[in-house]
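Q: Taking the UniProt record's numbering, I'd label the letters of the sequence shown as residues 1 to 279.
C-beta: ideal position from N, C-alpha, C; glycine also.
As the structure is a prediction and not an experimental result, all values here were calculated from the model.
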Amino acid sequence: MFCPVIALSQQRFHVTLFGGLSNYAGDLQDHRFTLQQSNFAFGAGLKYDITPHFAARLAYNHATIEGDDKKSSDPVLQARNLSFISRINEGSLLFEYTPLNMEDYLISPFVYGGVTVFHFNPYAYDSIGNKIYLKPLSTEGQGLAADRKPYNLTQFAIPVGIGVKFRINDNTVLAYELSARKTFTDYLDDVSTTYFDQATLAAAHGQKAVEMAYRGNELKNGNPNYPDQGVIRGGSKYKDWYYFTGFTLYIGIGGGNGGGPFSGGTRGGRNQLGCPRVL
1 MFCPVIALSQ
11 QRFHVTLFGG
21 LSNYAGDLQD
31 HRFTLQQSNF
41 AFGAGLKYDI
51 TPHFAARLAY
61 NHATIEGDDK
71 KSSDPVLQAR
81 NLSFISRINE
91 GSLLFEYTPL
101 NMEDYLISPF
111 VYGGVTVFHF
121 NPYAYDSIGN
131 KIYLKPLSTE
141 GQGLAADRKP
151 YNLTQFAIPV
161 GIGVKFRIND
171 NTVLAYELSA
181 RKTFTDYLDD
191 VSTTYFDQAT
201 LAAAHGQKAV
211 EMAYRGNELK
221 NGNPNYPDQG
231 VIRGGSKYKD
241 WYYFTGFTLY
251 IGIGGGNGGG
261 PFSGGTRGGR
271 NQLGCPRVL
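Here it is in structure tokens:
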């Protein structure tokens, strides 16, 4: 009676390894989804199979996102001349659904969703190549006016993903997936609303804040004059997103070959502990 229970309890766990590309959708990116200005991303985690179709995953991902007006096809955005880079470190609790039992099929689609906590910190390089973190400069007057609240660098997001799994062997599944994170901030790129008063910004955070808030004057034929307060700098209608595309490897851990009827990603492990078969 106890042998099958022991076998299953040891074979529901999997190590997950992710490798792929990361990007974002926001004010410094022309497209909602694109591979342009992508960067490498990687991650690892654990998956626990609740049933043959449902699983819970804990995952950590490290990624880089960036945007640069110089790479835009819009002349107006090119003249704005803003840019940013940010490292993303996230931890996620995901619930995954696989319609086909990977015990019986070689291929199956899958989807997942859950909750993510992530940390970001946008920076850019000034005209002489110095790395400048943007949040402390309040480039749009965050914290300097009642309607300009500072943004937090650690926030929640809603992850959603879709993909297809391929069973490699009894213990290993390879998945290709596309996933996105809906954030609740418009400041992944430090760009959201309008230009803030130049004098007030300089008095609060120095001339460097003014230099990083407006960079059109760095262009050869750019406008040398800082824009008036209220001139549009970004668009606050939509929040920023970031997303991944790549491959996840599921490796069964525990007793035997990591199979079992609840593996959701392996097969062939129902009697790995040498227990007698149940007739």
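Where do the ends of the alpha helix (DSSP H) carrying residue 76 lie?
A: It spans 75 to 80 - the alpha helix (DSSP H) in which residue 76 sits, taken as one unbroken run.
Q: Thinking C-beta only, is residue 216 closer than 8 Å to residue 87?
A: No, Cβ-Cβ distance for residue 87 and residue 216 is not below 8 Å.
Q: Count Cβ pairs between the region 205 to 219 and the region 151 to 162 that sit closer than 8 Å; are there 3 or more?
A: In short, these stretches do not touch, since the Cβ pair count stays below three.
Q: So what does DSSP say about residue 37, is it helix, strand or coil?
A: Here residue 37 sits in coil by DSSP.
Q: Measure the Cβ-Cβ separation of residue 189 and residue 122 and say whether it is below 8 Å.
A: Against a cut-off of 8 Å, the Cβ pair of residue 122 and residue 189 comes out as a contact.
Q: So the candidates are 170, 116, 63 and 129; which of them puts its Cα closest to the Cα of residue 184?
A: Closest by alpha carbon: 116.
Q: For residue 181, is the classification buried or exposed, using 16 other Cβ atoms within 10 angstroms of its Cβ as the cut-off for buried?
A: Buried, since its Cβ has 16 or more Cβ neighbours within 10 Å.
Q: Pull up the DSSP beta-bridge partners for residue 242, would you.
A: 24 and 181.
Q: What does a CB cutoff of less than 7 Å around residue 241 pick up in its chain, not counting 5 residues either side in sequence?
A: Correct list, in chain order: 24, 25, 180, 181, 182 and 183.
Q: So, is residue 270 buried or exposed, given that buried needs 16 or more other C-beta atoms within 10 angstroms?
A: Here the model assigns residue 270 a pLDDT of 42, short of 50, so the residue's position is not dependable and the matter cannot be decided.
Q: Looking at residue 229 and residue 195, is the spacing between their C-beta atoms short of 8 Å?
A: In contact: residue 195 and residue 229 (Cβ atoms closer than 8 Å).
Q: In the DSSP output, which residue or residues are listed as bridge partners for residue 160?
A: In the DSSP output, where bridge partners are listed per residue, residue 160 has 113 and 180.
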